[in-house]
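So the structure is just underneath, and the comments pick up after that.
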Amino acid sequence: MRQEEINKGSRLIQDIMGSTIKIEQEDVKDIPLAFLAVEDMKFHQSWKWLMPVVIKIEEDLGYPVLIKGKHCKIEADDSIFETEDETKMLAVWRTIVDFLDWHKDQ
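Residues 0 to 105 in numbering that gives the first Met the number 0 are what the sequence shown spells out, letter by letter.
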């Protein structure tokens, strides 16, 4: 995966998540996005970063994120965003990025 692709995905995620990702676990700190360069964001590498995005899409936007094995799918209106990849995390990340790229124009 190229850095340009990672940065684009991180920007799309940051736009929807706002300045901070709230983590509701006692031993895990919130992630302050407003103070990070896009290159320092780890949505493509860490479940701690990525799962709050999944929750936001499901709970706030109302679109179920279906994850099974190395496959992820989001059905939105008349569009389907679906990825099968070499790892579960990569499949989820790519599906989310594709969905958010579509969602920003809705």
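Where is the CB? At the ideal position from N, CA and C, for every residue including glycine.
Reduced DSSP secondary structure (H/G/I, E/B, other) of residue i
| i | result |
| --- | --- |
| Pro-51 | helix |
| Ala-36 | coil |
| Leu-89 | helix |
| Glu-23 | coil |
| Lys-103 | coil |
Assigned exposure category for residue i - 16 Cβ within 10 Å defines buried
| i | result |
| --- | --- |
| Ile-79 | exposed |
| Gly-17 | exposed |
Heavy atom of the ligand ATP within 7 Å of residue i beta-carbon
| i | result |
| --- | --- |
| Ile-20 | Summarising the ligand content, the structure contains no ligands, and the ligand ATP is consequently not present. |
Beta bridge counterpart(s) of residue i as assigned by DSSP
| i | result |
| --- | --- |
| Leu-65 | Lys-72 |
| Thr-82 | Cys-71 |
| Ile-30 | Ile-20 |
Can you find at least 3 beta carbon pairs, one from the segment 21 to 32 and one from the segment 55 to 65, that sit closer than 8 Å? no
Do the segment 70 to 85 and the segment 95 to 105 meet, that is, are 3 or more Cβ pairs less than 8 Å apart? yes
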